[in-house]
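Under the UniProt record's numbering, residues 1 to 241 are what the sequence shown spells out, in order.
Beta carbons are placed, not taken as given, at the ideal position from N, Cα and C, and that holds for glycine.
What you are looking at is a predicted structure, and each value in this text was computed from that prediction instead of being measured.
The structure appears right after this line, and notes come after that.
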Amino acid sequence: MQTLSVALLVLAARVASGAVTKRVTCATGQTTANAACCVLFPILDDIQENLFDGGECGEEVHESLRLTFHDAIGFSPTKGFVVISSGGGADGSIITFDEIETAFPANNGIDDIIDAQTPFIARHNITPGDFIQFAGAVGVSNCPGAPRLQFMLGRPVATAPSPIGLVPEPFDPITEVLARFAEVNFSPAEVVALLASHTIAAADHVDPTIPGTPFDSTPGVFDTQLFIEVQLRGVLFPGFV
């Protein structure tokens with residue numbers, strides 16, 4: 001009996017390992033494991049060609065990744081934000097309520113990528129919250145060395161703007177930065193990992209004399225060069241040298 005049971009388990013394991021997940025063919029010809037993903041293929045093709053310049057790791061990718069964070073961090077369990085149907089955070093409120101949120105000091109300059117993304121949202125069946133995160137995940141995939149970010153579909157349209165003051169700013173004391181992230185359950189180690197996104201970033205407004213200055217010498221590659229170069233001790237902003 002024991003031998004028979006073992007044999008049946010082995011057979012079941014072999015059948016399971018050999019099983020093929022049934023895939024769905026979308027109207028556009030692509031195949032996917034989930035029919036709900038079919039709506040994303042036309043959006044993917046559109047943004048790769050017309051937002052990311054044919055699939056490059058350029059400025060629009062950098063700005064799209066920044067937008068994913070600035071939208072998502074707009075949530076606080078302690079600062080009086082009333083959680084309505086959309087729940088705050090990565091809900092697209094930074095686009096839905098752009099006149100309010102782009103006026104926040106920490107969102108300086110983010111209106112450029114909002115203006116660039118808004119027409120894509122208008123011509124596709126997708127909410128601002130979903131589009132922001134999808135564009136960020138797709139854009140980062142264009143950068144050599146970058147991780148493949150998970151994307152989840154189904155965010156409702158935001159019903160309220162984010163409160164002001166939830167995005168950490170460049171010159172905030174580190175204790176304040178870590179406290180803000182701890183409020184939304186980020187550990188210090190996770191904050192450092194999150195900073196890795198700046199490897200493909202650039203700054204337009206920290207030093208306005210040199211707009212578009214990258215944070216490291218390899219802005220087109222998702223690597224660890226940022227952490228090496230940030231240890232170099234400067235005494236002036238580069239534009240003042």
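- Taking Thr31 as the centre and dropping the five residues before and after it, the same chain places the C-beta of Arg23, Thr25 closer than 6 Å to its C-beta, in chain order.
- Assignment of Val184 by DSSP, reduced to helix, strand and coil, places it in the coil class.
- Under DSSP, the beta-bridge partners assigned to Ala203 are Thr213.
- In the three-state scheme derived from DSSP, where H, G and I count as helix and E and B as strand, Thr25 is classed as strand.
- C-alpha of Ala106 to C-alpha of Cys38: approximately 36 Å in a straight line.
- Comparing alpha carbon positions, the residue from Gly89, Asn125, Ala116 closest to Pro163 is Gly89.
- In the assembly as shown, Pro208 is an exposed residue. Its beta-carbon has fewer than 16 other beta-carbons within 10 Å.
- In the displayed model, Thr159 falls within coil according to three-state DSSP, outside both helix and strand.
- Rounded to the nearest whole angstrom, the CA to CA distance from Gln48 to His205 is 27 Å.
- Per DSSP, Leu153 is not a residue of any alpha helix (DSSP H), being assigned neither H nor E.
- In terms of CA proximity to Leu51, Gly136 leads the group Gly136, Val184, Leu178, Ile174.
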